[in-house]
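The letter at position 66 of the sequence shown is residue 66 when you use our numbering, and the numbering goes up by one with no holes.
Built from N, CA and C at the ideal position, the CB exists for glycine as well.
Computed from a predicted structure; not experimentally measured.
See structure below.
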Amino acid sequence: MSVITDMKPIILQEKVKIESPSGAIKDGWQDVKSIDVALYLTDDMKYTQSVRYNESSHIGLTFYKDIDKNKNRLRLDNIIYTITKANPKGRYTTLLLKVVDTNG
Numbered sequence: 001m002s003v004i005t006d007m008k009p010i011i012l013q014e015k016v017k018i019e020s021p022s023g024a025i026k027d028g029w030q031d032v033k034s035i036d037v038a039l040y041l042t043d044d045m046k047y048t049q050s051v052r053y054n055e056s057s058h059i060g061l062t063f064y065k066d067i068d069k070n071k072n073r074l075r076l077d078n079i080i081y082t083i084t085k086a087n088p089k090g091r092y093t094t095l096l097l098k099v100v101d102t103n104g
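In structure tokens, the structure reads:
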């Protein structure tokens, strides 16, 4: 199977500062756009020296290059993926993802 056939639209979110009714500033998330990402489960049997890889739950591949691990995350239906590493070099941007929230 091809990576392109595995791609599905996922919402890219960006961290923004939001002022609460009390006047306090807190972090919130705003939808930026829908991008195509191929998601794959990481291999639990594979042992690597990389702590980021061992802690990640999924690997993502996308053509979208403007992704920053400190200001972006992905949302697919009720599942939130934080980006632990983004490598935009090469044809695809490689993402190491970790599931942090399933609202359902």
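Counterpart residues of Ala86 in DSSP-defined beta bridges = Leu95
Pick out whichever of Asp36, Lys17, Ile35, Ser34 has its Cα sitting closest to the Cα of Asp27.
-> Lys17
Is Leu61 closer than 7 Å to Ala86 when the C-beta atoms are compared?
-> no
What number of angstroms, rounded off, separates the C-alpha of Lys71 from the C-alpha of Lys15?
-> 5 Å
With burial defined as no fewer than 16 other Cβ atoms inside 10 Å of the residue's Cβ, what is the status of Tyr81: buried or exposed?
-> buried
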